[in-house]
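Participant: Before I ask anything, let me first share the structure, which is written out below as structure tokens.
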Amino acid sequence: MCESKKAGIIGLGMYLPDNVLTNKELEKMVDTTDEWIFTRTGIKERRIARNDEATSDMAVNAAREALKDAYLKPEDIDLIIVATITPDMFFPATACLVQEKLGARLVPAFDISVACSGFIYGLAIASQFISSGTYKHALVVAAEKLSAITDWSDRSTCVLFGDGAGAAVLGPVDEGGILSTHLGADGGKGDLIKLPAGGSRIPATKETIEGRLHFIKMNGSELFKHAVKIMADAALGATQPLGLKAEDIKLVIPHQANIRILNAAAKRMGLKQNQIYLNLERYGNMSAASSAVALVEAVKKGLIKKGDKIVLDAFGGGLTWGAMVIEWSK
Ligand SMILES: CC(C)(COP(=O)(O)OP(=O)(O)OC[C@H]1O[C@@H](n2cnc3c(N)ncnc32)[C@H](O)[C@@H]1OP(=O)(O)O)[C@@H](O)C(=O)NCCC(=O)NCCS
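Each residue of the sequence shown is one higher than the last, beginning at 1 in my numbering.
Okay, here's the thing in structure tokens:
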């Protein structure tokens, strides 16, 4: 057991596949236009993993960078959590594959499946183990190969998603760290975005494949309506207990689903445009990996400094949501 302390992020890493798929290229695949996609979503291009590149491969690349950033070795890690809805396979958990590929010790390793909120859920779980003193260092990776579950003949979904991975190493910190967490779920709205077949309810058959039931099905306009309120409420759920106002927040790192959702949520939260970090133009929606990669980029760009208070904020399939206030401690 270690001494009980606040948990903080002590290392970050990310990985994005080289292959860029632009809106212009999508115009040749489905009945859409660059103009429609950009004005409705804010997305210009997204990354697509190679055929031989699975979620664990991307996760390991991001994890290695995060370990290096934390000046730690794989054997220093006491817990591995992977947030993903695109695991390499149902089981073993992708986290177990990551443990093996990294050469980490035989530490607990498991996946969480809460879609786009996964990075925040993962950080929340890991921070409990650290602040209780049970573990010293935890690795949380959010990695998605959404291209593998995207119906490339469905224009209403295929223009939205991309692949990538982000990773954080958590450890005990003397100052700052994770100050508050707000998590939630509404299973009653699970039908708004889901992958219907391949599980125990509808196992894979010739018919499910022909019916394209192994791809993401989404009610976009209905989701849109809920997303704005959920994101604003989640952020308030994390900031209000600390007495924080919009002006106290250096940067909000949101899940990158749609620029219109983000602008509307920001307005509701009373945030200025320069208080929200955006990268969806370049990567689209990478589910759990979106907020993770956005955080890594914002830190790399020097937008977050020691002592700054930032908010991670996400919603996703489930429905699930999560927000977290972190005082940057590096
Ligand atoms: C998907 C989304 C961009 C669609 O935008 P929208 O303004 O709601 O558009 P609608 O779904 O109402 O569709 C409007 C029209 O555009 C069409 N359309 C849909 N996709 C299109 C595309 N890629 N290109 C051109 N037209 C398209 C529709 O068929 C519809 O045509 P119709 O009016 O003739 O029926 C938007 O609803 C959204 O972002 N929702 C949230 C999705 C989300 O966040 N998902 C992830 C959760 S983590």
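Even for Gly, the Cβ is constructed at its ideal location relative to N, Cα and C. The structure displayed is predicted, hence computed values, not measured ones.
For the putative contact between ALA167 and GLY270, defined by C-beta atoms under 8 Å, what is the C-beta separation to the nearest angstrom?
Facilitator: Between GLY270 and ALA167 the Cβ distance is about 32 Å, and since that is not below 8 Å, they are no contact.
Participant: Which partner residues of HIS182 appear in the DSSP bridge assignment?
Facilitator: DSSP, once it has assigned bridges, lists ALA323 as partnering HIS182.
Participant: Count the other C-beta atoms from every protein chain shown that fall within 10 angstroms of the C-beta of PHE215, then say buried if there are 16 or more, exposed otherwise.
Facilitator: Buried, by the Cβ-count rule.
Participant: With DSSP run on the structure shown, which of helix, strand or coil describes GLY42?
Facilitator: Looking at GLY42 - three-state DSSP - the assignment turns out to be coil, as it is neither helix nor strand.
Participant: Name the one or two DSSP bridge partners that ILE253 has.
Facilitator: LEU312.
Participant: Once DSSP output is grouped into helix, strand and coil, what is the label at PRO172?
Facilitator: Three-state result, PRO172: strand.
Participant: Among ASN61, ALA124, SER147, TYR71, which residue has its Cα nearest to the Cα of MET286?
Facilitator: If we check each option's Cα against that of MET286, SER147 comes out closest.
Participant: Out of PRO87, SER132, GLU75, ILE85, which one is the CA nearest neighbour of VAL107?
Facilitator: Selected option, being the one with the closest Cα: GLU75.
Participant: Could you work out which residue in ARG40, ASN23, ALA314 is closest to THR181 when comparing CA atoms only?
Facilitator: When each option's Cα is compared against that of THR181, the closest is ALA314.
Participant: Run through the DSSP bridge pairs and tell me what LEU280 is partnered with.
Facilitator: DSSP lists no partner for LEU280.
Participant: Drop a sphere of 10 angstroms on the beta-carbon of GLU65, count the other beta-carbons inside from all chains shown, and report buried for 16 or more, exposed for fewer.
Facilitator: Under this definition GLU65 is a buried residue.
Participant: With respect to 7 Å, is the separation between the Cβ of ILE193 and the closest non-hydrogen atom of ligand 1 below this value?
Facilitator: Because some heavy atom of ligand 1 lies under 7 Å away, the Cβ of ILE193 counts as near it: yes.
Participant: Taking the DSSP output, what are the residues bridged to PRO144?
Facilitator: It is worth fixing the name first, because residue 144 is Glu in this sequence and not Pro. For GLU144, which the question treats as bridged, DSSP gives the partners GLY164.
Participant: Starting from TYR121, trace the alpha helix (DSSP H) both ways and give me its first and last residue.
Facilitator: Note, TYR121: alpha helix (DSSP H), 118-131.
Participant: What do you get for ASP18, buried or exposed, if any count of 16 or more other CB atoms within 10 angstroms of its CB means buried?
Facilitator: So ASP18 ends up on the exposed side.
Participant: Since ASP111 sits in a beta bridge, which residues does DSSP pair it with?
Facilitator: Its beta-bridge partners are VAL82.
Participant: Give the secondary structure of VAL20 by DSSP, where H, G and I count as helix, E and B as strand, and everything else as coil.
Facilitator: Residue state, collapsed to three classes: strand.
Participant: Measuring alpha carbon to alpha carbon, tell me which of TRP321, GLY11, PHE224, VAL299 ends up nearest LEU139.
Facilitator: The shortest C-alpha separation from LEU139 is found at GLY11.
Participant: Out of GLU222, GLY284, GLU175, GLY317, which has the shortest C-alpha to C-alpha gap to ALA257?
Facilitator: Measuring from the Cα of ALA257, the nearest candidate turns out to be GLY284.
Participant: Which stretch, first to last residue, makes up the beta strand (DSSP E) that contains GLY220?
Facilitator: Careful: GLY220 lies outside any beta strand (DSSP E), inside the alpha helix (DSSP H) at 220-239.
Participant: Quick one: does the C-beta of SER153 sit closer than 7 Å to a heavy atom of ligand 1?
Facilitator: Outside the cutoff, so no.
Participant: Compute every distance between the C-beta of SER221 and the non-hydrogen atoms of ligand 1, then say whether any falls below 7 Å.
Facilitator: Yes.
Participant: For GLN273, which residues in the same chain have their Cβ closer than 6 Å to its Cβ, ignoring the five residues on either side in sequence?
Facilitator: Closer than 6 Å at the Cβ level, and outside the excluded window around GLN273, lies no residue.
Participant: With a threshold of 16 other CB atoms inside 10 Å of the CB of MET324, please say whether the residue is buried or exposed.
Facilitator: Per the 10 Å Cβ criterion, buried.
Participant: Could you tell me if the beta carbon of ARG36 falls within a distance shorter than 7 Å of some heavy atom in ligand 1?
Facilitator: Note on identity: in this sequence residue 36 is Trp, with Arg being the wrong assignment. TRP36 Cβ: within cutoff of ligand 1.
Participant: Over what stretch of residues does the alpha helix (DSSP H) that includes LYS300 continue unbroken?
Facilitator: 288-300 is the extent of the alpha helix (DSSP H) around LYS300.
Participant: Under 7 Å from any heavy atom of ligand 1, does the C-beta of THR41 make it?
Facilitator: Correct: THR41 has its Cβ closer than 7 Å to ligand 1.
Participant: If we ignore side chains and look at the alpha-carbon of each, how far apart do ASP186 and THR94 end up?
Facilitator: ASP186 and THR94: Cα-Cα distance of roughly 25 Å.
Participant: Taking C-alpha atoms, which residue in ALA288, VAL20, MET218, TRP321 lies nearest to ARG50?
Facilitator: The residue with the shortest Cα to Cα distance from ARG50 is VAL20.
Participant: Along the chain, where does the beta strand (DSSP E) that runs through ALA7 open and close?
Facilitator: Where ALA7 is concerned, the enclosing beta strand (DSSP E) stretches over 6-15.
Participant: Is the beta carbon of TYR277 sitting closer than 8 Å to the one on ALA265?
Facilitator: No.
Participant: Which of the three DSSP states is assigned to ASN61 in this structure?
Facilitator: Residue state, collapsed to three classes: helix.
Participant: Say the cut is 7 Å; is the CB of SER291 nearer than that to a heavy atom of ligand 1?
Facilitator: No, Cβ of SER291 sits at least 7 Å from all heavy atoms of ligand 1.
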